[in-house]
Amino acid sequence: MIIRDYIFLILLFFLAFFIWVRDLAWISSLDNTLPIILSLPLFIWLGWPWRFTTQDNPLLFSGLMICAIVFIIGVALNITFVLALSWTGILWYWLSSRLDRKTAISIRRLLILPILSFPWLALEGDAIGWWFRLSSARVTSEIFSLMGFDVLHEGTRIIVQGLPVGIGEPCSGINVLQSMLIAGSALAYIYLRKHPGYWLNIGLLISIAWMANTVRIVVVCIVALTLSPEIALGLFHTFGGWFVLFMMLCLTWTIFSLQARLRGKNTP
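Right, dumping it as structure tokens:
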């Protein structure tokens, strides 16, 4: 590494620290905080070994200027997602000038992890969370209707056999989405980084996260109806969500590993 590399590392650290501490509302719970904390170390680990070129390649200052302008816009508009994109852009412009070509091509597919290492989903994912809640409530009501239950659906609230179930913000699935995108992106890179459908599989993670959240809501309703609302809203509500997330990660692993094996069989 050369002096310029250390300057960029210091700059990236202070910019990242600024983004993390400007609004600490995302440090409200472990399931909010832990995936974000692990995302950058996961990026570094999956990209290992980092093979830097011995040549001092010139930087694209026009690209860096665009990233700087985008960062200023993000600060002015108070949008963490824009700041995350800008930070990742600066990181990529530096890495693309210092890594050898083969390593840079591989690392480019990992850039989703630096973007997810900032709390933009936790801070600004209200619209996504609302859509998750609304659609999950709709699907849950349809499932129980098909099972023969008396169901009334009103927005994010359903009444099953006289039992009211409100799908509030803790059931929005934002934490599930953040965790699924980070863990799923890591699995996609491990199994499919040379697969032509890599980015399509990254997009599939959003659907899997929605499915995980919907399954969680259905299971909580079943427990509330069969056992008691107190049990459903107690420890089962918390640990049931983690269990469903684990099952969805197993499903993701199965899908990605199967694709990798099929592609391996078809490759001479």
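Residue numbers (this note's numbering): 148 to 415.
Just so you know, even glycine gets a beta-carbon here, dropped at the ideal spot from N, CA and C.
Since the model is a prediction, treat every value here as computed from it, not as a measurement.
Asked	Found
Arg304, DSSP secondary structure in three states	strand
Cβ pair count under 8 Å reaching 3, the segment 238–248 against the segment 202–219	yes
CA-to-CA distance, Leu246 to Thr227, given in whole angstroms	28 Å
Distance, Phe165 Cα to Asp152 Cα	20 Å
Residue from Val298, Leu258, Pro188 with nearest C-alpha to Ala335	Leu258
Cβ neighbours of Met372 in the same chain (closer than 7 Å, five flanking residues each side left out)	Checking the sequence, you will find Leu at residue 372 rather than Met. Cβ within range, chain order: Val307, Gln308, Leu310.
Where Phe265 sits in the DSSP three-state scheme	coil
Beta-carbon proximity list for Asn413, same chain, < 7 Å, skipping 5 on both sides	Reliability of the predicted coordinates at Asn413 is poor, the pLDDT of 45 falling under 50, and the value obtained from them is presented with this limitation in mind. Excluding positions up to five away in sequence, the list is empty.
Beta-carbon proximity of Phe155 to Pro261, cut-off 8 Å	no
Alpha-carbon spacing of Phe393 relative to Ile150, whole angstroms	43 Å
8 Å Cβ shell around Leu352 - same chain, five flanking residues per side excluded	Met327, Leu328, Gly331, Ser332, Ala335, Thr399
Extent of the continuous beta strand (DSSP E) run through Gly313	310–313
Expected contact under 8 Å - CB spacing of Met395 and Ile355 to nearest Å	5 Å
Contact belief for Gln325 with Ala269 at Cβ below 8 Å, rounded distance in angstroms	7 Å
Separation of Ile183 from Phe296, as counted between CA atoms	40 Å
beta-carbon Ser404 near the ligand ADP non-hydrogen atom, thresh 7 Å	In the structure on display, the ligand ADP does not appear, and there are no ligands present to speak of.
DSSP three-state assignment for Leu299, whether helix, strand or coil	strand
Ala172 - containing alpha helix (DSSP H), residue span	No alpha helix (DSSP H) holds Ala172; DSSP gives it neither H nor E.
Span separating the alpha-carbon of Val312 from that of Ile305	5 Å
6 Å Cβ shell around Ala284 - same chain, five flanking residues per side excluded	Thr303, Ile305, Ile314
Burial state of Asn348 (16 or more Cβ within 10 Å)	buried
For Cys368, the nearest candidate out of Leu181, Val298, Phe161, Pro343 (CA to CA)	Val298
Residues of its chain near Phe208, where Cβ-Cβ distance is below 8 Å and the 5 sequence neighbours each way are ignored	none
Helix, strand or coil at Leu405 [DSSP, three-state]	helix
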